[in-house]
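What follows is a single structure, written as structure tokens, with notes after it.
Number of protein chains: 2
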Amino acid sequence: MASRGASSSPVERELVRPGDTENLSEPVIAVDCNGADLGPAEVAAGAVIAAKAGARVMLFGPAQEIGELPTGVEVVDAPVSIAKSADPAAAARATPEASIVKAARAVADGRAQALVCAGGTGAALAAGLFNIKRAHGIYRPALAISLPVPKRPVTLLDVGANAEARREHLVQFAFMGAAFAKTVLGVERPRVGLLSNGEEATRGNALIMETHVELAGTGSGGAFEFVGNVEGGDLLEGVADVIVTDGMTGNIALKLMEGVSRTLLGAVRDAAMSSTRAKLGGALLRPALREVRGELDPEGHGGAYLLGLRSLGVVPHGRFTRRGFAQAILRAQRGASEDLVGRTQIALEQAGALRSRVGGSSSALAASLPQAR
Amino acid sequence: MASRGASSSPVERELVRPGDTENLSEPVIAVDCNGADLGPAEVAAGAVIAAKAGARVMLFGPAQEIGELPTGVEVVDAPVSIAKSADPAAAARATPEASIVKAARAVADGRAQALVCAGGTGAALAAGLFNIKRAHGIYRPALAISLPVPKRPVTLLDVGANAEARREHLVQFAFMGAAFAKTVLGVERPRVGLLSNGEEATRGNALIMETHVELAGTGSGGAFEFVGNVEGGDLLEGVADVIVTDGMTGNIALKLMEGVSRTLLGAVRDAAMSSTRAKLGGALLRPALREVRGELDPEGHGGAYLLGLRSLGVVPHGRFTRRGFAQAILRAQRGASEDLVGRTQIALEQAGALRSRVGGSSSALAASLPQAR
């Protein structure tokens with residue numbers, strides 16, 4: 021793959037993965053600035069980095085706080101934020117002037133081809149569902165996370181778009197996750213696993229056993245390789261590239277991983293302050309430990325991915341710095357330019373896994389939306 | 021609480037927690053030796069340590085391998101093991117001479133008052149259900165784990181006895197876990213939380229929302245304080261003493277915690293080997309890090325607890341050393357002498373949460389048993 025040449029800074033080079041730089045000039049990414057912990061200007065700074073790497077960005081936020089930006093980044097004044105709303109679904113419906121709603125409308129109207137939202141998954145999901153809408157034949161959107169696993173990323177979905185799931189939802193999640201791993205992460209033939217309490221096909225609750233039978237039986241039409249059930253302890257072991265679960269279990273698993281990492285690294289840090297000897301050891305070990313932290317860095321993965329809408333959505337974490345926001349925008353762009361949504365549709369159609377009769381309303385779906393970030 | 025005096029070794033003093041030493045002379049603990057990674061003799065060595073701390077043990081295993089043991093430990097020759105069986109439920113039914121079945125029968129017959137099984141949860145659960153049987157008014161037994169959280173233990177249940185759960189099961193798990201935390205761990209008024217994908221009462225799947233309403237509404241009759249939903253990230257934060265979930269989610273969470281710990285501590289170890297400077301730092305830091313490992317040591321918690329039978333069962337991990345087996349036996353003894361099962365019954369009865377019409381067969385239950393350790 022061609023590098024963008026000598027003009028890119030080390031940060032940009034780090035952010036742009038092999039393959040990221042092809043066809044970058046086409047899609048426009050609509051970015052909602054509101055909701056970031058460091059403020060809209062930090063998101064804007066991320067957009068500038070992404071633009072330098074070739075992205076075209078439409079930035080929705082308070083123009084006054086953002087100021088003048090270089091070519092490649094268009095600012096649309098949208099100071100109203102629903103990022104902190106206790107009920108993002110109701111807020112997204114009642115607040116057409118909200119930055120996330122305006123950004124989602126830009127995608128729905130075809131002015132932009134993917135959405136990035138710094139204001140949390142609840143707002144992104146609600147504004148996305150109401151405006152961009154579900155892709156044809158998709159039952160439910162899903163949130164996917166690229167786990168910060170050293171060496172090879174593991175995509176886990178759903179991590180919280182739907183607390184409840186049915187078999188046909190999980191089957192579609194397998195296709196959605198595989199298409200994501202293929203187009204955005206460059207995994208040739210993704211291995212898909214099903215999260216359960218044992219490796220055998222007979223382990224798990226009724227939902228998991230039914231889904232296992234379906235994924236093992238019908239085949240994926242070459243879209244992925246189904247590797248069966250995956251246990252909690254194998255999540256980080258690289259036994260699968262995509263791991264499918266319902267949104268409640270996935271959300272519990274994701275937050276648990278973050279919690280255990282925080283607790284353990286905190287304990288190591290405390291240990292390194294517990295005596296003079298330990299302090300000296302800690303100081304000597306620090307550079308090597310920084311590399312461990314770097315490998316686990318969530319900003320490098322761009323955030324959570326909202327799959328199953330007519331365009332890709334990316335939800336960087338609110339506490340990200342400009343580096344994470346830039347990566348989110350570049351990943352969104354890669355998803356758009358590689359036609360993630362179209363490829364997902366084709367794979368689902370070939371496997372006969374599309375929803376045949378499109379029913380159900382966005383309102384009914386919205387009732388089950390997460391109420392906060 | 022009285023110490024057992026000057027005769028106890030440092031290991032024994034470490035194992036015997038405050039309160040452990042009261043009324044120790046009464047109950048007998050039936051211990052299945054087969055299935056431990058280090059062999060039956062290691063379990064027997066644990067029994068000897070426990071006996072020195074006041075336990076009375078009936079040891080089921082290959083007498084030839086175990087040899088002569090001091091007073092307080094009776095050896096019952098039972099060389100047949102079903103610990104490695106692929107289908108422990110079928111094996112427990114078909115093999116009356118198996119050590120775990122003999123041990124469970126001793127408890128059922130009243131020759132012993134609690135069961136310790138080194139041969140895995142599947143075998144313990146099956147042999148326990150068929151022989152000791154469910155306690156009156158209990159829908160389903162549950163496996164509880166005392167998480168190795170620094171400072172204050174957190175009890176998580178169910179971690180795998182039932183892959184599927186109904187509301188009334190989870191409600192009973194709350195009482196079972198609270199009674200365990202109270203009698204065995206000495207937590208005065210346990211705080212009980214419900215594992216979910218958000219703190220609000222409206223978060224979670226239908227099962228969790230229904231259970232939340234029931235636990236918040238009916239009250240526990242003073243048996244515990246219901247603190248509402250607990251997120252994955254809060255599992256190790258001490259926001260609750262007991263955390264209730266279904267067996268599939270609990271099993272995924274438990275193994276995920278073990279996996280993340282293993283991955284992170286491995287990464288720290290690798291970092292400490294990555295350069296001369298890092299090696300020196302690692303060597304200096306090692307004693308302090310050993311303490312971190314010590315705090316996380318699963319052997320100190322005795323293993324998994326099988327709750328909901330007519331007597332308590334404890335399932336130490338197969339890879340434990342004698343120290344872990346001794347702790348499992350002492351914990352089993354504490355549960356028996358403090359009448360954990362009786363207290364659970366009373367609390368459930370007072371709250372009107374006992375199963376009114378006792379139905380369902382052990383065979384139907386056994387069909388859903390985990391098939392391996």
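Going down the list, the protein sequences come from chains A and B. This note's numbering applies: residue 21 is where the first sequence begins, and numbers increase by one. This note's numbering applies: residue 21 is where the second sequence begins, and numbers increase by one. We put the beta carbon where it would ideally sit given N, CA and C, even for glycine. Only a predicted model underlies this, so the values are computations on that prediction, with no experimental measurement involved.
| query | result |
| --- | --- |
| Alpha carbons only, please: which of B:D57, B:A373, B:L332 and B:E62 is nearest the one belonging to B:F200? | B:L332 |
| Reducing DSSP to helix, strand and coil, say where A:N395 ends up. | The structure shown does not extend to residue 395 of chain A, since chain A is modelled only from 21 to 393, so the question has no answer here. |
| Run the CB neighbour count on B:Q84, radius 10 Å, all protein chains shown included, and call it buried at 16 or more, exposed below. | exposed |
| Hey, how far is the Cα of B:A124 from the Cα of B:P116? | 10 Å |
| Using a Cβ-Cβ cutoff of less than 7 Å, which residues in the same chain neighbour A:M268 once the five nearest sequence positions on both sides are dropped? | A183 |
| Say whether chain A places a C-beta atom closer than 8 Å to the C-beta of B:M268. | yes |
| Please name the residue, chosen from A:L255, A:V127, A:S119 and A:V93, that lies closest to A:G66 on a Cα-to-Cα basis. | A:V93 |
| So which of B:V169, B:L135 and B:G81 has the shortest CA-CA distance to B:K153? | B:L135 |
| Rounded to the nearest angstrom, what separates A:G206 and A:N249 at their Cα positions? | 23 Å |
| In the DSSP assignment, find the beta strand (DSSP E) that holds B:I324 and state where it starts and stops. | Note that residue 324 of chain B corresponds to Ala in the displayed sequence, not to Ile. A324 to L327 is the extent of the beta strand (DSSP E) around B:A324. |
| Is it buried or exposed, A:R289, if we count other Cβ atoms within 10 angstroms and call 16 or more buried? | exposed |
| Work out the CA separation of A:T231 and A:T222 for me, nearest whole Å. | 11 Å |
| Kindly indicate which residue of B:E278, B:N151, B:V247 and B:E88 has the alpha-carbon position closest to the one of B:A198. | B:V247 |
| Could you give the first and the last residue of the continuous beta strand (DSSP E) run that contains A:D52? | V48 to D52 |
| What does the Cβ neighbour count give for A:M196, buried or exposed, with the cut at 16 atoms within 10 Å? | buried |
| Determine whether the Cβ of A:L300 lies closer than 8 Å to any Cβ atom of chain B. | yes |
| What separation, rounded to the nearest whole angstrom, lies between the Cα atoms of A:V95 and A:E46? | 18 Å |
| Run down chain B in chain order and give the residues with a C-beta less than 9 Å from the C-beta of A:A183. | S216, N217, G218, R223, G224, N225, A226, I228 and M229 |
| Under DSSP, the alpha helix (DSSP H) around B:L145 begins and ends at which residues? | T141 to A147 |
| Which of helix, strand or coil does DSSP assign to B:R125? | helix |
| Leaving out five residues before and five after A:A373 in sequence, what residues of the same chain have Cβ atoms less than 7 Å from its Cβ? | V191, Q192 and F195 |
| Alpha carbon to alpha carbon, how far is A:T175 from A:T203? | 13 Å |
| What are the boundary residues of the alpha helix (DSSP H) that A:F80 is part of? | Here A:F80 belongs to no alpha helix (DSSP H); instead the beta strand (DSSP E) covers R76 to G81. |
| In whole angstroms, what is the alpha-carbon distance linking B:H321 and B:G258? | 16 Å |
| Express the C-alpha separation of B:L285 and A:A308 in angstroms, rounding to a whole number. | 13 Å |
| What is the DSSP secondary structure of A:G55, reduced to helix, strand or coil? | coil |
| What's the call for A:G380, buried or exposed, on a 16-neighbour Cβ count within 10 Å? | In this predicted model, A:G380 has a pLDDT of only 49, less than 50, meaning its place in the structure is not dependable enough to derive any value. |
| When you compare only the Cα positions, how much space is there between B:T41 and B:A73? | Unreliable positioning characterises B:T41 in this predicted model, as indicated by a pLDDT of 45, which lies under 50. A coordinate reading is not provided. |
| Contact defined as beta carbons within less than 8 Å: I believe B:S101 pairs with B:G55. What is the distance between those atoms, to the nearest angstrom? | 6 Å |
| State buried or exposed for B:D266, treating a residue as buried only when at least 16 other CB atoms are found within 10 Å of its CB. | buried |
| Cβ closer than 7 Å: which chain B residues qualify as neighbours of A:S294? | A308 |
| Buried or exposed for B:T238, please, with buried defined as at least 16 other CB atoms from any protein chain shown within 10 angstroms of its CB. | exposed |
| Measuring CA to CA, which of A:N271, A:G252 and A:F244 is closest to A:V262? | A:F244 |
| Checking the sheet assignment: what are the DSSP bridge partners for A:R211? | A:E245 |
| Would you tell me roughly how many angstroms separate the C-alpha atoms of B:G140 and A:V169, rounded to the nearest one? | 30 Å |
| Buried or exposed, going by whether 16 or more other CB atoms sit within 10 Å of the CB of B:T296? | exposed |
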